[in-house]
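To start, the structure itself, in structure tokens.
Residue numbers (this note's numbering): -3 to 186.
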């Protein structure tokens, strides 16, 4: 459907807003805005404002929801993109075909955030809980200078998994940015 000039809002024009393109834009806007907020604003502000244990408790509640919604909505967007862009399937091996590149960008978001939801997030949380338990047992903060070898090992594993999770989240954000710039410039129709 090509854009047309609407001289007045009627019930019919309101009903015409309920279409795949409109919902696509809303879905994309939702996960891009959520990703921007969680990654660069909310996480930084809460890290600076809350004590570490409260920050950790908050993140354990927020991140599973964030990763799950991101993975689900980006998967729905990917399916909608493929449905409306046949070249994304018929030329799947050709990354220079724009429709294919956009499908891969959305798939990258889905996979990255699914990895965070199913693997990195739970594994990081498990290490965090073990580290808090060891802190209590040793009576020391995990970041104290003279922590035990066990705590150093947990800290290293936690840092590694947290790094992988952060990288997956950043890759997803960059892929969303690429897709957003693309659809903003060239539109979402085939």
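Each residue gets a CB set at the ideal place from its N, CA and C atoms; glycine is no exception.
It should be emphasised that the depicted structure is a prediction, and the values quoted were computed from it without experimental measurement.
Query                                                                                                                                                       : Result
At what residue ranges does the stretch 49 to 120 contain a whole run of the alpha helix (DSSP H), taking only runs of 4 or more?                           : 83 to 86, 94 to 111
Cα-Cα, which of 45, 15, 121 is closest to residue 56?                                                                                                       : 121
Determine, using beta carbons only, whether residue 119 and residue 157 come nearer to each other than 7 Å.                                                 : yes
Do you know offhand how far residue 152's Cα is from residue 102's?                                                                                         : 32 Å
By DSSP, does residue 0 sit in helix, in strand, or in coil?                                                                                                : coil
Got a sec, what are the start and stop residues for the alpha helix (DSSP H) residue 146 sits in?                                                           : 145 to 182
Could you give the DSSP three-state label for residue 5: helix, strand or coil?                                                                             : coil
Assuming residue 7 and residue 64 are in contact, meaning their beta carbons sit under 8 Å apart, how far apart are those beta carbons, in whole angstroms? : About 36 Å separates the two Cβ atoms, so there is no contact after all.
In chain order, what residues of the same chain lie with their CB nearer than 7 Å to the CB of residue 72, ignoring the 5 residues before and after it?     : 23
Restricting to Cα atoms, I'd like to know which of 51, 105, 50, 62 is closest to residue 75.                                                                : 105
What separation, rounded to the nearest whole angstrom, lies between the Cα atoms of residue 192 and residue 166?                                           : There is simply no residue 192 to check, as the chain begins at -3 and stops at 186 in what is shown.
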